[in-house]
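To start, the structure under review is shown below, and the notes come after it.
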Amino acid sequence: MPAIASSFFDRPAAEVAPELLGYQLALGSTAGCIVETEAYAPDDAASHSFSGPTRRNRAMFGPPGHAYVYRSYGLHWCVNVVCAPGHAVLIRALQPLTGLEIMRQRRGTTLDRALCSGPGKLTQALAITDQHDGQRFVERAGFADGADFDDLRLIAPILPTTNLQQGRRIGISRAIDLPWRWGIAGSPWLSKKF
DNA sequence: AAATTGATCCGCT
DNA sequence: GCGGATCAATTTG
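Under the working numbering, the letters of the first sequence match residues 25 to 218, in that order.
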């Protein structure tokens, strides 16, 4: 179960973030298509890496292609894909594809639109927690390909995704003008319209 | 339709 | 002690 080529991720997050749209994010028997991302960088006042490495953000300075998972507002987990040192891409929304019934149970809703339409929602739907912080992503679609049940998985789309939309990031109070949020244009699975 | 609030934790000053 | 890369329920216009 090879980790994904580190060269793909060892770049600024603002380059990687739009390219991750269309990838599938999977864990266990659940998976969804990434439809919304945000980039964070070390010289970016809104980024957890802005003030250098700490215990919480150490994964952001670790190997590219690994996960940075942090707790948000005391309640939610949010997952990032680590890029170049201090760079990371926050996964903000998925189109649910696999394991919808488990997701509905975990989320406590039957409204599919509400399963993965936000960074805290999708981690709950896929059961991503701090136990995945610092863990690598593997490039396998399922366990039959040799991945462990607990491996975070990313699956590249057949063709690069086009029809993107770009705008300002959500829920931050610093560096609010950077256009570092990307989404699949018109997708009904976004956390918020552009 | 938009604004407000409560839940609840951790990192940093 | 304060505020945050959030969410959902409630209140208000």
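We put the CB at the ideal spot given by N, CA and C, even for glycine.
Near isoleucine 126, what residues of its chain come up, given a Cβ to Cβ distance below 7 Å and the 5 sequence neighbours on each side ignored?
-> Numbered from 1 along the first sequence, position 102 holds the residue referred to as residue 126. Result list for isoleucine 126: Ser53 and Thr54, in chain order.
Give a yes or no on contact between the segment 90-103 and the segment 151-168, applying the rule of three or more CB pairs nearer than 8 Å.
-> yes
Residue(s) in a DSSP beta bridge with leucine 183 | Residue mapping note: residue 183 aligns to position 159 of the first sequence, counting from 1. Answer by DSSP bridge pairing: none, since leucine 183 is not bridged.
Report buried or exposed for isoleucine 58, applying the criterion of at least 16 other Cβ atoms within 10 angstroms of its Cβ.
-> The count along the first sequence starts at 1 and reaches residue 58 at position 34. Buried, by the Cβ-count rule.
Taking C-alpha atoms, which residue in Ala37, Leu176, Cys140 and Arg198 lies nearest to leucine 114?
-> As a first step, residue 114 is located in the first sequence; it is residue number 90 there, counting from the start. For leucine 114, the nearest C-alpha among the options comes from Ala37.
Would you list the one or two residues that DSSP bridges to serine 96?
-> Here residue 96 refers to the residue found at position 72 when the first sequence is read from its first residue. Note: serine 96 sits in a beta bridge opposite His100.
Give the DSSP-derived three-state secondary structure of glutamine 159 in the structure shown.
-> Start at 1 with the first residue of the first sequence, and residue 159 comes out as number 135. Correct three-state label for glutamine 159: coil.
With distances taken between CB atoms, is the gap from proline 42 to tryptophan 213 smaller than 8 Å?
-> For this step, residue 42 is matched to residue 18 along the first sequence. For this step, residue 213 is matched to residue 189 along the first sequence. Taking 8 Å as the Cβ cut-off, proline 42 and tryptophan 213 do not qualify as a contacting pair.
Simplified DSSP state of serine 205, which is helix, strand or coil | Along the first sequence, read from residue 1 onward, the residue named residue 205 stands at position 181. Checking the sequence, you will find arginine at residue 205 rather than serine. Strand.
The alpha helix (DSSP H) enclosing isoleucine 126, as first and last residue numbers = On the first sequence, position 102 is the one that residue 126 refers to. That run of the alpha helix (DSSP H) goes 124-131.
For the beta strand (DSSP E) that alanine 50 lies in, which residues bound it at each end?
-> In the first sequence, the residue the question calls residue 50 occupies position 26. Start and end: 48-51.
Taking only the alpha-carbon atoms, compute the straight-line gap between alanine 83 and histidine 72 and give it to the nearest angstrom.
-> Within the first sequence, numbered from 1, the residue matching residue 83 stands at position 59. Within the first sequence, numbered from 1, the residue matching residue 72 stands at position 48. Their backbone Cα atoms lie some 11 Å apart in a straight line.
Nearest-angstrom Cα separation, counted from glycine 46 out to isoleucine 182 | On the first sequence, position 158 is the one that residue 182 refers to. On the first sequence, position 22 is the one that residue 46 refers to. Using only the alpha carbons, I get a separation of about 9 Å.
Excluding the 5 residues preceding and the 5 following leucine 146 in the sequence, name in chain order all residues of the same chain whose CB lies nearer than 6 Å to its CB.
-> On the first sequence, residue 146 is found 122 positions in, with the first residue counted as 1. Contacts found: Leu118 and Cys140.
Where does the unbroken alpha helix (DSSP H) through alanine 70 begin, and where does it stop?
-> Locating residue 70 in the first sequence gives position 46, where the first residue counts as 1. First-last for alanine 70: undefined, no H or E at that position.
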